[in-house]
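Below: the structure, in C-alpha cells.
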Amino acid sequence: FNNGSDSLRILSGFILGGFLVASVNLWRLKRTSYAALCGSTRNLLINICSIIEGQTEKAVMSRWVLLGYELAVLKSRGLIDTVHARRYLERYDLVQSDEWERMVDGDR
C-alpha cells in the first residue's frame with residue numbers, strides 16, 4: 064500500500080508541475096502579445112503624428128488607431144459585440160455616428 068501511495072504522490076507532483084508550467088507559458092505568451100500590441104500602436108501613432116500634416120486627418124487617423132487597439136483588447140476579452148463595448152467606445156469618442164452598425168459582427 065505504501066508503494067502505491069508513493070507512486071501516486073510522485074505522479075501528482077508531475078501533473079501539478081506540468082499544469083503550472085503550462086499556465087506560466089500561457090501567461091507569458093499573453094503578456095508578450097499584449098506588449099507587442101501596445102508597442103505597435105504607439106509606433107503607428109508616432110508615425111501618423113509625424114507624417115500627416117493636416118490636423119483633421121491626423122485626428123481621424125489617430126482615432127482609428129486607438130479604435131483598432133481597443134477592439135483588439137475587447138475581442139481578446141470576449142466582449143467585442145457587447146453593449147458594454149459599444150458604450151465604452153462611444154464614451155471615449157472612438158466610434159462615431161453609425162460606425163458601430165457598419166462594422167462586421169464578431170470582427171468589429
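Start counting the sequence shown at 64; every next residue gets the next number (our numbering).
Beta carbons are placed, not taken as given, at the ideal position from N, Cα and C, and that holds for glycine.
**Asked** So, do the segment 141-153 and the segment 110-128 have three or more beta carbon pairs nearer to each other than 8 Å?
**Response** no
**Request:** Starting from the Cα of Ser125, find the closest Cα among Cys112, Glu133, Leu134 and Leu137 and give me that residue.
**Result:** Cys112
**Enclosing alpha helix (DSSP H) for Glu188 [first to last residue]** = Past the edges of the chain, shown from 64 to 171, lies residue 188, and the structure says nothing about it.
**Request:** Return the chain-ordered ranges of every alpha helix (DSSP H) run that is complete within the segment 122-162 and spans a minimum of 4 residues.
**Result:** 146-154
**Message:** Using the Cβ count rule (16 or more neighbours within 10 Å means buried), how would you classify Ile143?
**Reply:** buried
**Buried versus exposed, by CB contacts within 10 Å (16 or more), Arg91** = exposed
**Message:** Considering only their Cβ atoms, is the gap separating Leu130 from Val158 smaller than 9 Å?
**Reply:** yes
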